[in-house]
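**Q**
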Amino acid sequence: IMNIKQHLKEDVYNVLKDYIKKEDIVIEKPKMREMGDYALPCFTYSKVLKKSPNDIANTIKEKLCNYEINVVNGYANVFINKKEFSKNILDKIALEKEEFGSSKIGQSKTVVIEYSSPNIAKPFGVGHLRSTVIGEALKNICIKTGYNVYTINYLGDYGTQFGKLIYAYKTWGNAEAIKENPIQELKRVYVKFHEEAEKNKGLEDEGRKWFKKLCENDKEALELWNWFKEESLKDFQKTYDLLGINKFDSYTGESYYKDLANDVVEEIEKKGISKISEGATIVDLGENKTPALIKKSDGTTLYITRDIAALIDRKNKYNFDEILYVVGSEQTLHFEQIKEVLQKMGYDYFDSIHHIGFGMVLQDGKKMSTRGGRTASLNVLLDNSIELAKKIIEEKNPNLPNKDEVVKQVGVGAVIFNDLKNYRINDIEFKLEDILKFEGETGPYIQYTCARANSLIKKLKNNSVDYENLEINEYEWNVIFRLNEFEETILKSKDNYDPSLIAKYIIDLAQDFNKLYANYKFIDENENLTEFRLQIAYATKIVLKEGMRLLGINAPDEM
Numbered sequence: 039i040m041n042i043k044q045h046l047k048e049d050v051y052n053v054l055k056d057y058i059k060k061e062d063i064v065i066e067k068p069k070m071r072e073m074g075d076y077a078l079p080c081f082t083y084s085k086v087l088k089k090s091p092n093d094i095a096n097t098i099k100e101k102l103c104n105y106e107i108n109v110v111n112g113y114a115n116v117f118i119n120k121k122e123f124s125k126n127i128l129d130k131i132a133l134e135k136e137e138f139g140s141s142k143i144g145q146s147k148t149v150v151i152e153y154s155s156p157n158i159a160k161p162f163g164v165g166h167l168r169s170t171v172i173g174e175a176l177k178n179i180c181i182k183t184g185y186n187v188y189t190i191n192y193l194g195d196y197g198t199q200f201g202k203l204i205y206a207y208k209t210w211g212n213a214e215a216i217k218e219n220p221i222q223e224l225k226r227v228y229v230k231f232h233e234e235a236e237k238n239k240g241l242e243d244e245g246r247k248w249f250k251k252l253c254e255n256d257k258e259a260l261e262l263w264n265w266f267k268e269e270s271l272k273d274f275q276k277t278y279d280l281l282g283i284n285k286f287d288s289y290t291g292e293s294y295y296k297d298l299a300n301d302v303v304e305e306i307e308k309k310g311i312s313k314i315s316e317g318a319t320i321v322d323l324g325e326n327k328t329p330a331l332i333k334k335s336d337g338t339t340l341y342i343t344r345d346i347a348a349l350i351d352r353k354n355k356y357n358f359d360e361i362l363y364v365v366g367s368e369q370t371l372h373f374e375q376i377k378e379v380l381q382k383m384g385y386d387y388f389d390s391i392h393h394i395g396f397g398m399v400l401q402d403g404k405k406m407s408t409r410g411g412r413t414a415s416l417n418v419l420l421d422n423s424i425e426l427a428k429k430i431i432e433e434k435n436p437n438l439p440n441k442d443e444v445v446k447q448v449g450v451g452a453v454i455f456n457d458l459k460n461y462r463i464n465d466i467e468f469k470l471e472d473i474l475k476f477e478g479e480t481g482p483y484i485q486y487t488c489a490r491a492n493s494l495i496k497k498l499k500n501n502s503v504d505y506e507n508l509e510i511n512e513y514e515w516n517v518i519f520r521l522n523e524f525e526e527t528i529l530k531s532k533d534n535y536d537p538s539l540i541a542k543y544i545i546d547l548a549q550d551f552n553k554l555y556a557n558y559k560f561i562d563e564n565e566n567l568t569e570f571r572l573q574i575a576y577a578t579k580i581v582l583k584e585g586m587r588l589l590g591i592n593a594p595d596e597m
């Protein structure tokens, strides 16, 4: 069945098509359900139709006799046929199961998403949590809406720090310690380098020398750097496993583009869009705009040059329709410059670049950092969350089967949901005790609601419901009406690159379902009513579970 809102839009358009375009038809949701299920404001059509809003609303009412419509103050308030609508939506969910809410809007289109992108030889920090979970959710949403998706983990694997690291390892490193705990050992020698460099300024030159060797593909430097990279990726995979992220299509890091960046500089110079400023090569982006620095006076390229090289390479490789960069909001200027340089270079796909910015992770109102003594390692944070989830679940349900798996799903799900329920641009506050509560707007609340629905549907007989002899109450109707909004929410989430719309939707659905559960018995002496309510529970479970999956969260069957 077509979404009821689309049906209504189509029907209204057929009434008014001689005067207005389909995209100009506005359908709102009234503030209060008793006013109607949908409202059609008719004020904007007055000028064209040369009629009062009330007269237009009455015309719609006369022509759409298959709807119950009340006209109030220039609005045509539409009431849906509850019985027919409920049957359609519950049957559709039972038939489609987890495919419910899918669409083909992105069919034959390709989206490339760059996200996560930790720095090798460093702990997987909380700062990369947001990029990772937002990127993974956007991947799932794009696939759900029919797009062909490629994921890129653009590793931070280039820069002078790697020269310092090679020198530090050769001077103070231990190969066995690296095999045992690569990140900890690499971090130890890197910190040691900086402590020693305070006393001996010549060490900075040693670091630069080794970085130069790396740039020139020196055998020893390359072997060590590749080893650091492999060991780092093994360590990162533990975090990805915890988060339920299988693999990326590409792990090509910044280092891959060090030579291609020189080709970009050459192309920019040939096209005559650059100029020399204090020995450096820049692209002037116009009045009141910061020029893009493309090549330093010593001839080395910059991060932006490598990013442009990566972008051109990805376009050639994937021929994307959109490319999403899930990178912190502080990089806004960087991506604006990339788009403008690309446009000046004559590439017409600059508009397909979208910077998916996000705010910081805060603890007690301050940015999480190792130096400030606040937990900054993502693994430690996830372990702490799992530990607290274990304590709570052992108190609530000590005999829960498959407890260890459930504890992990709840602990990790709480961290992911706390991130994604917030609009990404906002900073997020992190307080373990709050995010693991089983009530309120939390991951465990959604998971618990899903498990509750799952326990009810064991009694479902899958008999057909006699809708004629059914009175649908407001609590049942609220859940059913909300279920119908799932596909529209997913599409909006894709259009706005905003997973929080899905997170808010599943909070609302869980709340609607729990209100029904609190006010009415699901197992009633009336068998028809029991079957109807259990079908609502079944549909709710499917949609909550699928909504959580899109956000990268698992739904335990029992809690």
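For the sequence shown, position 192 (counting from the first letter as 1) is numbered 230 according to the working numbering, and the numbering increases by one without interruption.
Here a beta-carbon is modelled for each residue, glycine too, at the ideal position from N, C-alpha and C.
Just so we're clear, the structure is a prediction, and the values are computed from it rather than from any experiment.
Report all residues from its chain with a CB closer than 8 Å to the CB of glutamate 523; omit the five preceding and five following residues, and keep chain order.
**A** Correct list, in chain order: Tyr543.
**Q** Would you kindly work out how many angstroms separate the C-alpha atoms of leucine 416 and threonine 527, rounded to a whole number?
**A** Whole-angstrom Cα-Cα distance: 30 Å.
**Q** Counting Cβ pairs, one atom from each stretch, are 3 or more of them under 8 Å apart for the region 468–476 and the region 450–458?
**A** Yes, the region 468–476 is in contact with the region 450–458.
**Q** Residues in the same chain with beta-carbon distance under 6 Å from threonine 170, minus the five sequence neighbours each way, listed in chain order, please.
**A** Only Ser154 meet the Cβ criterion.
**Q** Rounded to whole angstroms, how far is the Cβ of phenylalanine 570 from the Cβ of leucine 508, which I believe are closer than 8 Å?
**A** Right, the Cβ-Cβ distance comes to about 6 Å (below 8 Å), so this counts as a contact.
**Q** Give the C-beta separation of alanine 347 and glutamine 375 to the nearest angstrom, bearing in mind that I take them to be a contact with Cβ-Cβ under 8 Å.
**A** No, alanine 347 and glutamine 375 are not in contact; Cβ-Cβ is about 14 Å, not under 8 Å.
**Q** Beta-carbon within less than 7 Å of histidine 232's beta-carbon, same chain only, minus the 5 sequence neighbours each way: which residues are those?
**A** No residues qualify anywhere along the chain.
**Q** Where do the ends of the beta strand (DSSP E) carrying tyrosine 356 lie?
**A** First-last for tyrosine 356: 341–356, but that is the alpha helix (DSSP H), not the beta strand (DSSP E).
**Q** Relative to the C-alpha of aspartate 562, which candidate in Phe266, Phe519, Leu498 and Ile518 has its C-alpha closest?
**A** The shortest Cα separation from aspartate 562 among Phe266, Phe519, Leu498 and Ile518 belongs to Leu498.
**Q** Which two residues bound the contiguous alpha helix (DSSP H) that contains leucine 596?
**A** A small fix is needed here, since residue 596 is glutamate in this sequence, not leucine. Element bounds for glutamate 596: n/a, residue is neither H nor E.
**Q** Which residue spans inside the region 138–189 form an unbroken beta strand (DSSP E) run of at least 3?
**A** Within the region 138–189, the complete beta strand (DSSP E) runs of at least 3 residues are 148–152.
**Q** I'd like to confirm something about serine 315: is its beta-carbon nearer than 7 Å to some heavy atom of the ligand PLP, or not?
**A** Among the components of this structure there are no ligands whatsoever, and the ligand PLP is therefore not found.
**Q** Would you say the region 350–368 touches the region 136–156, given that touching needs at least three Cβ pairs under 8 Å?
**A** With the cut-off at 8 Å, the region 350–368 and the region 136–156 touch.
**Q** Does DSSP put leucine 78 in a helix, a strand or coil?
**A** Looking at leucine 78 - three-state DSSP - the assignment turns out to be strand.
**Q** When DSSP labels each residue in this structure, what does phenylalanine 468 get in the three-state scheme?
**A** In the structure shown, phenylalanine 468 sits in coil (DSSP, three-state: anything other than H, G, I, E or B).
**Q** According to DSSP, what are the bridge partners of valine 109?
**A** Paired residues: Ala114.
**Q** Mind checking which residues open and close the alpha helix (DSSP H) that includes lysine 553?
**A** Where lysine 553 is concerned, the enclosing alpha helix (DSSP H) stretches over 538–557.
**Q** Please classify glycine 131 as buried or exposed, where buried requires at least 16 other C-beta atoms within 10 Å of its C-beta.
**A** Correcting the residue type first, residue 131 is isoleucine in the shown sequence and not glycine. Buried, by the Cβ-count rule.
**Q** My understanding is that isoleucine 204 touches leucine 252, with C-beta atoms under 8 Å, so please give their C-beta distance in whole angstroms.
**A** So it is a contact: roughly 7 Å between Cβ atoms.
**Q** Taking the straight line between their C-alpha atoms, what separation do you get for glutamine 447 and glutamate 479?
**A** Their Cα atoms are separated by approximately 17 Å.
**Q** Rounded to whole angstroms, what is the Cα-Cα separation between alanine 556 and lysine 583?
**A** Between alanine 556 and lysine 583, the C-alpha separation is close to 21 Å.
**Q** Ordered along the chain, which non-local residues of its own chain (more than five positions away) have a Cβ less than 6 Å from that of methionine 398?
**A** Same-chain partners within the cutoff: Lys405 and Asp465.
**Q** Count Cβ pairs between the region 157–175 and the region 369–383 that sit closer than 8 Å; are there 3 or more?
**A** Output reads no: the region 369–383 does not touch the region 157–175.
**Q** Can you name, in chain order, every residue of its own chain whose Cβ lies under 6 Å from the Cβ of lysine 67, other than the five neighbours on each side?
**A** None.
**Q** Could you spell out where the beta strand (DSSP E) holding leucine 331 opens and where it closes?
**A** Element bounds for leucine 331: 330–333.
**Q** For proline 436, count neighbouring Cβ atoms within 10 angstroms of its own Cβ and tell me buried if that reaches 16, exposed if not.
**A** Proline 436 is exposed by the Cβ-count criterion.
**Q** Report all residues from its chain with a CB closer than 6 Å to the CB of lysine 60; omit the five preceding and five following residues, and keep chain order.
**A** Tyr51, listed in sequence order.
**Q** To the nearest angstrom, report how far apart asparagine 219 and glutamine 275 are at their CA atoms.
**A** Approximately 13 Å between the Cα atoms of the pair.
**Q** Just to check my reading of the structure: leucine 521 and valine 581 have Cβ atoms closer than 8 Å, yes? What is that Cβ distance to the nearest angstrom?
**A** Confirmed, about 6 Å.
**Q** What would DSSP say about isoleucine 131, mapped onto helix, strand or coil?
**A** It is helical.
**Q** Give a yes or no on whether the C-beta atoms belonging to glycine 173 and valine 364 are separated by under 8 Å.
**A** Yes, the Cβ-Cβ distance between glycine 173 and valine 364 is below 8 Å.
**Q** Could you give the distance in angstroms between the alpha-carbon of isoleucine 37 and the alpha-carbon of glutamate 269?
**A** Since the first and last residues shown for the chain are 39 and 597, residue 37 lies out of range.
**Q** Do the region 223–237 and the region 177–196 touch if we need at least three Cβ pairs shorter than 8 Å?
**A** Because the criterion of three Cβ pairs below 8 Å is not met, the region 223–237 and the region 177–196 do not touch.
**Q** Output yes or no for whether 8 Å exceeds the beta carbon distance between leucine 46 and tyrosine 76.
**A** Yes; because the gap between Cβ atoms is below 8 Å, this pair is in contact.
**Q** Over the uninterrupted beta strand (DSSP E) stretch that includes valine 321, give me the two end residues.
**A** Taken as a continuous stretch (DSSP letters only), the beta strand (DSSP E) holding valine 321 covers 318–321.
**Q** What's the gap between the Cα of glycine 590 and the Cα of glutamine 549?
**A** Distance between the alpha carbons of glycine 590 and glutamine 549: 21 Å.
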